[in-house]
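Residue numbers (my numbering): 18 to 649.
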C-alpha cells in the first residue's frame, strides 16, 4: 500500500510539469516498476473541481499577486476548466466538490450549461457536498450523481419571500416617508412608505414568486427525474432532511464518507482511478519568481497594470451593483453591495470605442438599478460604442450584445436596451420599468430628540429638500412632473431598443424571469455570458481561438487601491462630526442591527437605505425593490 502511495505521489508531481499526461504516467510507472510485482494498468482519470466562496463574473486580475480576492472564484476560469476537462480524452469523469460556495441562481445557470456540455461528451459528473441547500441541490440537477457526506443534511424548503414594511416603525420614531412612483407595479420604496404591500405590488411579486417556483420544480423534474407527486413529497420531507431521508425521496443518489470516495468511483468506473486536480490555473510559479526579487515585485505592483489588447479582442463591460453618479465604489455607507459609477464606466466605454483591436462589446449586467441620470449616461456611452461616436457622426460602430446575470432591473434594464441582442439566464430577473422619487422627513424625530432646527431658504424651490418636513402638494406636483418626464424617456429608450415590445404588458414596474422575458420580447435568447461572447465573436468574423476576451473597467493597480482606501480613511478622519464620520457610525449601527435579524435582511435593508441616500442628491431614481428570498 505504501509503494502504491509513493507511485501516486510521483505521478502527481510529474503532472505539474507541461509534458503530456500519457508520457508522465509512463514515466511514473517506470520509476515504480521495480517495486511492483503486478503489471501497471491505466487508471481512469477523474477531474476534481472544488467550488469555494463567492463566484464573480470577471476573470482574475492579470497581476500574479492580485489575481484573486480571498474567498472569491472566477466564473471564466471555472467554465474554462470544465471545457478543458470535456475536451481531454483521458478524463473520464469529474467530481465537483462544493465546499462553502455562495452560489447565485445565475452561477448555477452558467455552471450548469458547461456541466451539460461536459456530459454531452459521454462523461459523468458527480457532485459532492457535506450538506445540501437549495443552491447545491439545483447544481446537483445538472449532474449524473449527487453524493452527500455521510451524516450530512439536506434543506430544500421551496421558495419563501419576506418583506419588512417599516412605515409604522418610522412613524413611531417621528420619521415621515414621502415617496412618489410612476408605474403602478414599481414598489421600490413600499417597504419604507407603506405598512403593507399595495395590490399592484402584491400581484407583481407573487407573479415573480410563481415563476421562481415553477423554475425550481422544472429543474427537479428534469435533473432528478421526479414527477409532480415526487417533487411534492421531496419538498415536504426536505425542509430539513437527513442524508437517508433525502435519498429516499430522490434528492440524493449516494451517501459516502469522503475517504471512501475513491473506492466508490473505482466501483463505478470498474478500474483504479487517478485524480487530475489541476484544472484551474495556479499562480504559484509566478509568485515564486516574483518573491526572488522583492524590489522588482514592489515596483511592478505600484505600476498601473498594462491592459492593452494584443490582438483582436471582445471586451466585456461589467455593470455589477447599484448604479450611481460618479466613480464606482466598494460596499456602501450601510454595508451594502458594491456600486458602479457612470464616470468610471464612461471612461471604460471610451477606451473600448477608440481601440481598434476591440472588435465588439458584451455588456454584462447584474444590477437592480439606481440613479436615473447615471443610467442615462451609461446608456449614451454604450450607444456611442455601437454607433462609432456621437449619433449621426458617421463613425464605424461595433456590435454590442448584452448578457444578464442575476438581474437587470430598472436602471439595469435601462442600460440593457442599448444593445442589439440580449441574452438572459433562465433565472435572471429583468424589467421594473418605472420611476420612484421621494425623501424622508425627520421633523418628528428631531422634535422627539428635542433638537430645534431652523431652516433658511432663498429661491422658490430651495426648501424642497428640507429634511424636516414632507412635500407640499405643490412640491409633489413638481416632482411628479419630473418623474413622468424621466419615465417617458425610459420607455422611449425601451421601445427604440426592443422593437415591437408591448409596454402595456411589460412596463410600470413589472418583473419577469428569463424565459418569460424572452416570450415578452424583453430579451432575445436564453444563454450564458459565454454564449454572448461566442455569438458576438462569430458575428464579428472572429475565429475560435483567434481572439482574446478582456474585462472592463480595467483592474486597478495596488497604488490606486491604496490611494482610494487611504483617501477614504483620511476623509473620515478629518471630516466634521456628523458629516461623514457620523454617517458612517449610523451606517455601522444600522448594519449591526439588521444582521441581528438575519444576514439576508441586512443586504435587503441596506439596498433601500442606500437608495434613500441617493435621493438626497437626486430626487428621481430608477431602483428595484429588494425582498428576502429563502429557498430557490
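Virtual Cβ for every residue (Gly too), placed ideally from N, Cα, C. These figures come from a predicted structure and were not determined experimentally.
Does residue 240 get closer than 9 Å to chain B when you measure Cβ to Cβ?
-> Within the model displayed, chain B is absent; a lone protein chain is all it includes.
Start-end ranges of the alpha helix (DSSP H) lying completely within the stretch 354-434, minimum 4 residues | 359-371, 389-404 and 428-433
Spatial neighbours of residue 445 in its chain, beta-carbon cut-off 6 Å, leaving aside the 5 residues before and after | 421 and 531
CB of residue 202 within 9 Å of CB of residue 223, strictly = Result no, Cβ atoms of residue 202 and residue 223 do not sit closer than 9 Å.
Using 10 angstroms around the beta-carbon of residue 442, count the other beta-carbons present and answer buried if the total reaches 16, otherwise exposed.
-> buried
Assigned secondary structure, residue 556 (DSSP; H/G/I helix, E/B strand, else coil) | helix
Under the three-state reduction of DSSP, which class applies to residue 195: helix, strand or coil?
-> strand
So, is residue 139 buried or exposed, given that buried needs 16 or more other C-beta atoms within 10 angstroms?
-> exposed
Give a yes or no on contact between the stretch 417-433 and the stretch 383-392, applying the rule of three or more CB pairs nearer than 8 Å.
-> yes
Return helix, strand or coil for residue 141, following the three-state DSSP convention.
-> strand
With 16 as the cutoff for other CB atoms within 10 Å, does residue 335 come out buried or exposed?
-> buried
7 Å Cβ shell around residue 492 - same chain, five flanking residues per side excluded | Exclusion of the five residues before and after residue 492 leaves 481 as the residues of its chain whose Cβ lies within less than 7 Å of its Cβ.
Supposed contact pair residue 70 and residue 147 - C-beta distance, whole angstroms, cut 8 Å | No, residue 147 and residue 70 are not in contact; Cβ-Cβ is about 15 Å, not under 8 Å.
N- and C-terminal bounds of the beta strand (DSSP E) containing residue 271 = In the DSSP assignment, residue 271 falls within the beta strand (DSSP E) that extends over 271-273.
Taking Cβ to Cβ, would you say residue 191 is nearer than 9 Å to residue 252?
-> No. Outside cutoff.
Classification of residue 123 by the beta-carbon crowding that lies within 10 angstroms, buried from 16 upward = buried
So, helix, strand or coil for residue 341, using DSSP?
-> strand
Assess, as a yes-or-no matter, whether the stretch 501-519 is touched by the stretch 450-466 under the definition of 3 or more beta carbon pairs within less than 8 Å.
-> yes
Cβ shell of residue 474 (< 6 Å), same chain only, five flanking positions each side left out = 480
Taking only the alpha-carbon atoms, compute the straight-line gap between residue 39 and residue 125 and give it to the nearest angstrom.
-> Confidence is the limiting factor: at residue 39 the pLDDT is only 40, short of 50, which leaves the residue's position unreliable, though a coordinate-based value still follows. Using only the alpha carbons, I get a separation of about 33 Å.
Compare the C-alpha of residue 339 against each of 395, 199, 376 and 327 and name the closest.
-> Looking from the CA of residue 339, the closest CA among 395, 199, 376 and 327 belongs to 395.
So, helix, strand or coil for residue 330, using DSSP?
-> strand
Could you give the DSSP three-state label for residue 288: helix, strand or coil?
-> coil
What's the call for residue 293, buried or exposed, on a 16-neighbour Cβ count within 10 Å?
-> buried
Express the C-alpha separation of residue 296 and residue 518 in angstroms, rounding to a whole number.
-> 44 Å
Relative to the C-alpha of residue 392, which residue among 437, 225 and 356 is closest?
-> 356
Outcome for residue 212 when other beta-carbon atoms lying within 10 angstroms are tallied against a minimum of 16 | exposed
Please state if the CB of residue 76 and the CB of residue 541 are separated by a distance shorter than 9 Å.
-> no
Please work out which residues of its chain come closer than 6 Å, Cβ to Cβ, to residue 150, disregarding the five sequence neighbours upstream and downstream, and give them in chain order.
-> 172
Looking at the unbroken alpha helix (DSSP H) that takes in residue 260, where does it start and where does it end?
-> Start and end: 260-265.
Who pairs with residue 162 in a beta bridge, going by DSSP?
-> 143
Do you know offhand how far residue 72's Cα is from residue 524's?
-> 31 Å
Do you know offhand how far residue 289's Cα is from residue 254's?
-> 37 Å
Residue 548 - partner residues in DSSP beta bridges = Answer is none; residue 548 lacks a bridge partner.
CB contact flag (residue 109, residue 141, <9 Å) = In this structure, residue 109 lies near residue 141, with their beta-carbon atoms less than 9 Å apart.
Residue 466 classed as buried or exposed, judged by whether at least 16 other C-beta atoms fall within 10 angstroms | Taking every protein chain shown into account, the CB of residue 466 has fewer than 16 other CB atoms within 10 angstroms, so this residue is exposed.
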